[in-house]
Amino acid sequence: MVSTNYAPEHAGIGPYATQIAEHWASSGHDTHVLAGMPHYPAWSLEPEYKGAWRRTERRAGVTVHRRAHTVPERQTAVKRALFEGSILLHGAVAPPRMPKPHAVMAQMPSLAGGVLAARLAARWKVPFVPVVQDLMGAAAAQSGISGGDKAAALAGRAEAYALKRAALVGVIHETFVDRVVGMGVAPERIRVVPNWSHVQGPTKPRGETRHHLGWAPDQTVVLHSGNMGLKQGLEVLVGAARLDPRVRFVLMGDGSQRAALADLAADVPNLDIIPPAADGEFPDILAAADVLAVTQHAAVLDMSVPSKLTSYFQAGRPVVASVAAQGGTAQEVERSGAGVLVPPEDPEALLGAVRALAADPEGADALGAAGPVHVAAHLSREAGLARIDALIDEALGGPQS
Numbered sequence: 005m006v007s008t009n010y011a012p013e014h015a016g017i018g019p020y021a022t023q024i025a026e027h028w029a030s031s032g033h034d035t036h037v038l039a040g041m042p043h044y045p046a047w048s049l050e051p052e053y054k055g056a057w058r059r060t061e062r063r064a065g066v067t068v069h070r071r072a073h074t075v076p077e078r079q080t081a082v083k084r085a086l087f088e089g090s091i092l093l094h095g096a097v098a099p100p101r102m103p104k105p106h107a108v109m110a111q112m113p114s115l116a117g118g119v120l121a122a123r124l125a126a127r128w129k130v131p132f133v134p135v136v137q138d139l140m141g142a143a144a145a146q147s148g149i150s151g152g153d154k155a156a157a158l159a160g161r162a163e164a165y166a167l168k169r170a171a172l173v174g175v176i177h178e179t180f181v182d183r184v185v186g187m188g189v190a191p192e193r194i195r196v197v198p199n200w201s202h203v204q205g206p207t208k209p210r211g212e213t214r215h216h217l218g219w220a221p222d223q224t225v226v227l228h229s230g231n232m233g234l235k236q237g238l239e240v241l242v243g244a245a246r247l248d249p250r251v252r253f254v255l256m257g258d259g260s261q262r263a264a265l266a267d268l269a270a271d272v273p274n275l276d277i278i279p280p281a282a283d284g285e286f287p288d289i290l291a292a293a294d295v296l297a298v299t300q301h302a303a304v305l306d307m308s309v310p311s312k313l314t315s316y317f318q319a320g321r322p323v324v325a326s327v328a329a330q331g332g333t334a335q336e337v338e339r340s341g342a343g344v345l346v347p348p349e350d351p352e353a354l355l356g357a358v359r360a361l362a363a364d365p366e367g368a369d370a371l372g373a374a375g376p377v378h379v380a381a382h383l384s385r386e387a388g389l390a391r392i393d394a395l396i397d398e399a400l401g402g403p404q405s
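Counting along the sequence shown from 1, when you hit position 175 you're at 179 in the working numbering, and nothing is skipped either side.
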């Protein structure tokens with residue numbers, strides 16, 4: 005597997021890449037991962053990896069080959085290009101030393117990772133199978149990144165280069181299919197392989213966790229967890245917090261926009277920005293909130309479905325989605341029956357939905373209860389890993405022993 009993001013990263017695609025590789029290893033397969041240095045979502049190298057150039061590790065039976073790369077603290081088109089370029093260059097000049105594999109999988113959105121994986125598969129003459137988690141060409145165009153138009157064209161060409169060389173292409177949502185077809189991939193070579201809930205359900209009483217966090221029992225708490233980047237458009241939560249000081253808004257996580265959001269909310273006492281939770285505490289903190297928020301810029305349509313949704317559903321709390329109604333994120337919230345949609349970039353609409361849920365606790369609990377049911381039926385880890393196994397088996401021409 006080629007995946008820039010991997011354990012110990014605990015957000016984004018890292019947990020999915022890790023669980024797939026560890027699943028293969030536990031099944032008896034000799035599993036190797038070509039990865040970057042841990043840096044996400046803070047966009048800052050983990051302390052133990054600072055100064056490391058190349059490193060080979062064994063993690064849960066998986067051999068992880070790490071290569072150094074740039075880590076931009078601010079996201080601009082130029083800095084993102086340097087990030088991708090450094091991954092591509094280092095991976096190309098120092099590929100992993102390992103026996104010839106049966107197949108190569110790439111976790112994309114890493115453009116460099118997709119290109120590297122395609123080239124490695126061609127060198128070894130084995131099937132190449134990318135799984136598209138985000139569409140970076142569309143992301144550059146839709147996220148508001150500085151220099152996005154030029155970046156979108158370049159990213160689109162790199163994506164097309166990799167995807168057209170695949171035996172099969174996995175996409176995590178059906179809204180990605182048309183764009184992948186537009187890159188020259190035949191529809192019959194595309195498979196939808198949705199992500200799964202990679203966290204367990206809560207284990208502690210909500211009241212105990214709220215007391216530990218300092219959240220009053222009678223205070224409505226709206227929590228956003230995950231990456232604080234451009235495409236999330238988290239300014240809408242700052243705006244909503246300004247409108248009603250009685251509602252507490254909590255942004256939990258890290259990312260390239262964290263400092264800017266802290267500056268924007270400096271005069272908003274009912275908005276807290278807290279670090280990412282430890283893995284063992286994460287499910288309980290999600291469940292302790294009254295409302296879980298997912299936000300995106302209005303322009304984000306068909307390039308990303310936040311991985312946080314699967315964790316939100318597992319937590320059993322209602323979701324308020326401030327996203328474009330025609331996008332994949334809205335479709336997933338509607339499909340789950342676990343949340344409500346409001347127009348993106350509209351603080352008043354978001355706050356109105358939060359107030360409505362607070363005024364109807366039974367209705368809010370019913371929405372929240374639909375989440376774990378949806379996870380059990382469609383988004384279990386076992387089902388998700390089985391879909392990945394089936395994708396690889398098909399690319400190889402049948403089930404592998």
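Each residue gets a CB set at the ideal place from its N, CA and C atoms; glycine is no exception.
Per-residue burial, Trp-57 [other beta carbons within 10 Å of its own, 16 or more giving buried]: Translated into positions along the sequence shown, residue 57 becomes position 53. With fewer than 16 Cβ atoms within 10 Å of its Cβ, Trp-57 is classed as exposed.
Three-state secondary structure assigned by DSSP to Met-232: If you number the sequence shown from 1, residue 232 lands on position 228. It is coil, neither helix nor strand.
Which of helix, strand or coil DSSP assigns to Val-185: To locate residue 185, count along the sequence shown from 1; it is residue 181. Helix.
Decide if the stretch 234–254 is in contact with the stretch 26–45; the criterion is three or more beta carbon pairs, one per stretch, under 8 Å apart. no
Could you tell me which of Glu-366, Leu-361, Gln-261 and Ala-107 sits nearest to Ala-297, measuring between CA atoms? One-based indexing of the sequence shown puts residue 297 at position 293. Closest by alpha carbon: Leu-361.
In whole angstroms, what is the alpha-carbon distance linking Val-184 and Ala-85? Your numbering for residue 184 matches position 180 in the sequence shown. Your numbering for residue 85 matches position 81 in the sequence shown. When rounded, the distance between both Cα atoms is 21 Å.
If you run the structure through DSSP and keep just helix, strand and coil, what is Ser-260? On the sequence shown, residue 260 is found 256 positions in, with the first residue counted as 1. In the structure shown, Ser-260 sits in coil (DSSP, three-state: anything other than H, G, I, E or B).
Close beta carbons around Val-414, own chain, < 8 Å, minus the five adjacent residues each side: With the chain covering only 5 through 405, there is no way to say anything about residue 414.
CB Thr-179 to CB Gly-237, shorter than 8 Å? The count along the sequence shown starts at 1 and reaches residue 179 at position 175. The count along the sequence shown starts at 1 and reaches residue 237 at position 233. Contact flag unset, no.
Going by C-alpha to C-alpha distance, which of Pro-45, Val-133 and Leu-93 sits closest to Leu-395? Taking the first residue of the sequence shown as position 1, residue 395 is located at position 391. It is Val-133.
Reference Ile-277, options Leu-49, Ser-114 and Ser-229, closest by Cα: Numbered from its first residue, the sequence shown carries residue 277 at position 273. With distances taken between Cα atoms, Ile-277 lies closest to Ser-229.
Could you check whether the stretch 75–82 touches the stretch 364–383, counting it as contact only if at least three pairs of C-beta atoms, one from each stretch, sit closer than 8 Å? no
Sorted by chain position, which residues of the same chain lie with C-beta nearer than 7 Å to Ala-302's C-beta, five sequence neighbours on each side aside? Taking the sequence shown and counting its residues from 1, the one referred to as residue 302 is at position 298. Contacts found: Ala-328, Pro-348 and Glu-349.
Enclosing beta strand (DSSP E) for His-69 [first to last residue]: For the purposes of this step, residue 69 is identified with residue 65 of the sequence shown, where counting begins at 1. That run of the beta strand (DSSP E) goes 66–71.
Roughly how far, in whole angstroms, is the beta-carbon of Pro-45 from the beta-carbon of Gly-257, given that I think they are within contact range, below 8 Å? Start at 1 with the first residue of the sequence shown, and residue 45 comes out as number 41. Start at 1 with the first residue of the sequence shown, and residue 257 comes out as number 253. Correct: roughly 6 Å between the Cβ atoms.
Of the residues Pro-99, Thr-60, Ile-91 and Ala-64, which one's Cα is nearest the Cα of Ala-72? Start at 1 with the first residue of the sequence shown, and residue 72 comes out as number 68. Of Pro-99, Thr-60, Ile-91 and Ala-64, the residue nearest in Cα terms is Ile-91.
Going by C-alpha distance, which of Met-109, Arg-127, Asp-248 and Met-140 is nearest Glu-88? As a first step, residue 88 must be located in the sequence shown, where it is residue number 84. Comparing Cα positions, the closest option is Met-140.
What's the call for Arg-321, buried or exposed, on a 16-neighbour Cβ count within 10 Å? Residue 321 sits at position 317 when you count from the first residue of the sequence shown. Its Cβ being crowded by 16 or more others within 10 Å, Arg-321 is buried.
Less than 8 Å between the C-beta atoms of Gln-23 and Leu-389, yes or no? Working through the sequence shown from its first residue, we reach residue 23 at position 19. Working through the sequence shown from its first residue, we reach residue 389 at position 385. Yes, Cβ-Cβ distance for Gln-23 and Leu-389 is below 8 Å.
Does the Cβ of Glu-13 have 16 or more other Cβ atoms within 10 Å, making it buried, or fewer, making it exposed? If you number the sequence shown from 1, residue 13 lands on position 9. That one is buried.
Exposed or buried, Pro-113, counting other C-beta atoms within 10 Å across all chains shown (16 or more means buried)? Position 109 of the sequence shown, counted from the first residue, corresponds to residue 113. Buried, since its Cβ has 16 or more Cβ neighbours within 10 Å.
Can you list, in chain order, the residues of its chain whose CB lies under 7 Å from that of Pro-131, leaving out five sequence neighbours each side? By 1-based counting over the sequence shown, the position of residue 131 is 127. For Pro-131, where only same-chain residues beyond five positions count, the Cβ hits under 7 Å are Ala-107, Ala-125, Ala-171, Ala-399 and Leu-400.
If you follow the alpha helix (DSSP H) that Pro-134 is in, where does it begin and where does it stop? Translated into the one-based positions of the sequence shown, residue 134 becomes position 130. No alpha helix (DSSP H) holds Pro-134; the beta strand (DSSP E) holding it covers 132–136.
My output table needs one value for Ser-326: the three-state DSSP class, helix, strand or coil. As a working note, residue 326 is residue 322 in the sequence shown. In this structure, Ser-326 counts as strand in the three-state DSSP scheme.
Using 8 Å for Cβ pairs, my map puts Val-226 next to Ala-293. What's the rounded Cβ distance? Taking the sequence shown and counting its residues from 1, the one referred to as residue 226 is at position 222. Taking the sequence shown and counting its residues from 1, the one referred to as residue 293 is at position 289. Val-226 to Ala-293, Cβ: 7 Å. Contact.
Mind checking whether Val-346 and Ser-326 have CB atoms under 8 Å apart? Within the sequence shown, numbered from 1, the residue matching residue 346 stands at position 342. Within the sequence shown, numbered from 1, the residue matching residue 326 stands at position 322. It is a contact, given that the beta carbons lie within the stated cut-off.
Would you give the residue range spanned by the alpha helix (DSSP H) that Val-337 belongs to? In the sequence shown, residue 337 corresponds to position 333, counting from 1. Note, Val-337: alpha helix (DSSP H), 332–340.
Helix, strand or coil: which one does DSSP assign to Leu-422? Absent from the structure is residue 422, since the part of the chain shown begins at 5 and ends at 405.
Helix, strand or coil for Asp-393? Go by DSSP, reduced to three states. For the purposes of this step, residue 393 is taken as the residue at position 389 of the sequence shown. Helix at Asp-393.
6 Å CB neighbourhood of Glu-77 in its chain, flanking five on each side removed: As a first step, residue 77 is located in the sequence shown; it is residue number 73 there, counting from the start. Answer for Glu-77: Trp-47, listed in chain order.
Which residues mark the beginning and the end of the alpha helix (DSSP H) in which Ala-110 is found? Walking along the sequence shown from the start, residue 110 turns up at place 106. Careful: Ala-110 lies outside any alpha helix (DSSP H), inside the beta strand (DSSP E) at 108–112.
Using the Cα positions of Gly-160 and Val-75, report the straight-line distance between them to the nearest angstrom. Taking the sequence shown and counting its residues from 1, the one referred to as residue 160 is at position 156. Taking the sequence shown and counting its residues from 1, the one referred to as residue 75 is at position 71. Cα to Cα, the separation comes out at about 22 Å.
Could you tell me which residues DSSP pairs with Val-173 in its beta bridges? Against the sequence shown, residue 173 aligns to sequence position 169. In the DSSP output, where bridge partners are listed per residue, Val-173 has Ile-194.
Taking Trp-219 and Leu-383 to be in contact with their CB atoms under 8 Å, please state how far apart those CB atoms are, rounded to whole angstroms. Within the sequence shown, the letter at position 215 stands for residue 219. Within the sequence shown, the letter at position 379 stands for residue 383. Rounded, the Cβ-Cβ distance is 27 Å, inconsistent with contact.
Can Ala-342 and Ala-374 be called in contact, C-beta distance under 8 Å? Here residue 342 is taken as the residue at index 338 of the sequence shown, counted from 1. Here residue 374 is taken as the residue at index 370 of the sequence shown, counted from 1. Against a cut-off of 8 Å, the Cβ pair of Ala-374 and Ala-342 comes out as a contact.
State the start and end residues of the unbroken alpha helix (DSSP H) segment that holds Glu-352. Sequence index remark: in the sequence shown, residue 352 carries index 348 (1-based). Looking at the DSSP string, the run of the alpha helix (DSSP H) that includes Glu-352 is 351–363.
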